[in-house]
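This report concerns only the one structure given below.
Residue numbers (our numbering): 3 to 251.
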């Protein structure tokens with residue numbers, strides 16, 4: 003079964019995470035998602051992209067097993083390739099978040115140009131609780147919601163519900179679950195009615211400099227954080243389903 007579904011209809015390409023119920027991302031799924039997005043570069047038949055998900059969660063994040071020392075470098079390379087592809091696309095991307103978007107799942111959502119969320123959605127970067135941090139969110143959240151609120155989400159690991167996410171500027175539209183698909187379609191319709199060429203240029207202008215610092219963040223994540231004792235302890239504790247014992251090292 004494919005973990006990524008692609009459907010094209012009337013200028014809209016819908017890319018769907020298809021690994022329910024939680025859409026946990028492993029390296030193979032990352033490759034498949036990137037492979038689904040790359041052909042959309044310069045695709046004249048696609049005016050708007052929707053990134054959606056099957057199941058009760060949008061995505062619960064990256065498989066913790068891919069954070070081990072022997073896999074983490076490959077994981078970061080593969081996962082971040084998705085974001086570099088998303089930022090290179092001319093078409094606006096609407097994130098359709100029907101449920102929980104946590105960890106890497108939240109990073110996928112906030113890398114979209116817009117987010118339409120159901121009332122059941124929630125957003126969070128809980129990585130700090132297992133001894134790591136979220137590189138993409140570290141780059142994007144201060145830009146999206148301001149430094150102080152970004153600090154709160156990144157450094158406490160707290161989650162916010164859809165209405166709070168809308169209030170702080172993380173989400174564009176919140177809709178009841180029963181009318182969620184209609185809300186997504188209505189938002190997409192606002193974009194398809196506009197000039198694709200002008201949307202492309204406006205998106206490029208808004209995104210100028212967005213990748214600045216990512217390479218440095220990646221280097222710091224791999225060379226400093228992932229070599230710390232507490233990162234190892236946090237990940238081991240999570241996999242063993244026990245509380246971590248921090249050494250502050």
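C-beta: ideal position from N, C-alpha, C; glycine also. Since we're looking at a predicted model, the values are computed, not measured.
Per DSSP, cross-strand counterpart(s) of residue i
i	result
residue 187	DSSP lists no partner for residue 187.
residue 16	9, 52
residue 161	126
residue 61	103
residue 177	120
residue 247	Paired residue(s): none; residue 247 is not in a bridge.
As assigned by DSSP and simplified to three states, the class of residue i
i	result
residue 135	coil
residue 198	helix
residue 90	helix
residue 101	coil
residue 117	strand
residue 27	strand
residue 1	With the chain represented from 3 up to 251, any question about residue 1 goes unanswered, as that position is not in the structure.
residue 140	helix
residue 22	coil
residue 255	The question about residue 255 has no answer, for the chain in this structure spans 3 to 251.
residue 71	coil
Residues of its chain near residue i, where Cβ-Cβ distance is below 6 Å and the 5 sequence neighbours each way are ignored
i	result
residue 97	53, 111, 114, 117
residue 63	104, 105, 106, 107
residue 58	23, 101
residue 171	147
residue 9	16
residue 81	32
Residues of its chain near residue i, where Cβ-Cβ distance is below 8 Å and the 5 sequence neighbours each way are ignored
i	result
residue 94	50, 51, 115, 116, 193, 201, 205
residue 184	177
residue 190	14, 50, 52, 96
residue 77	29, 32, 64, 68, 69
residue 88	39, 95, 113, 114
residue 4	20, 34
residue 136	105, 106, 108, 109, 127, 129, 156
8 Å contact criterion, which residue i and residue j should meet: CB distance rounded
i	j	result
residue 15	residue 42	6 Å
residue 215	residue 143	13 Å between Cβ atoms; not a contact.
residue 84	residue 36	5 Å
Proximity test, residue i beta-carbon vs the ligand SAM heavy atom, cut-off 8 Å
i	result
residue 248	Of ligands this structure carries none, so the ligand SAM is not represented either.
Residue span of the beta strand (DSSP E) that contains residue i, given as start and end
i	result
residue 46	No beta strand (DSSP E) contains residue 46, which DSSP labels as neither H nor E.
Endpoints, alpha helix (DSSP H) assigned at residue i
i	result
residue 235	231-242
residue 225	216-225
Contacting residues, own chain, Cβ-Cβ under 7 Å from residue i (five flanking each side not counted)
i	result
residue 133	232, 233, 235, 236, 237, 246
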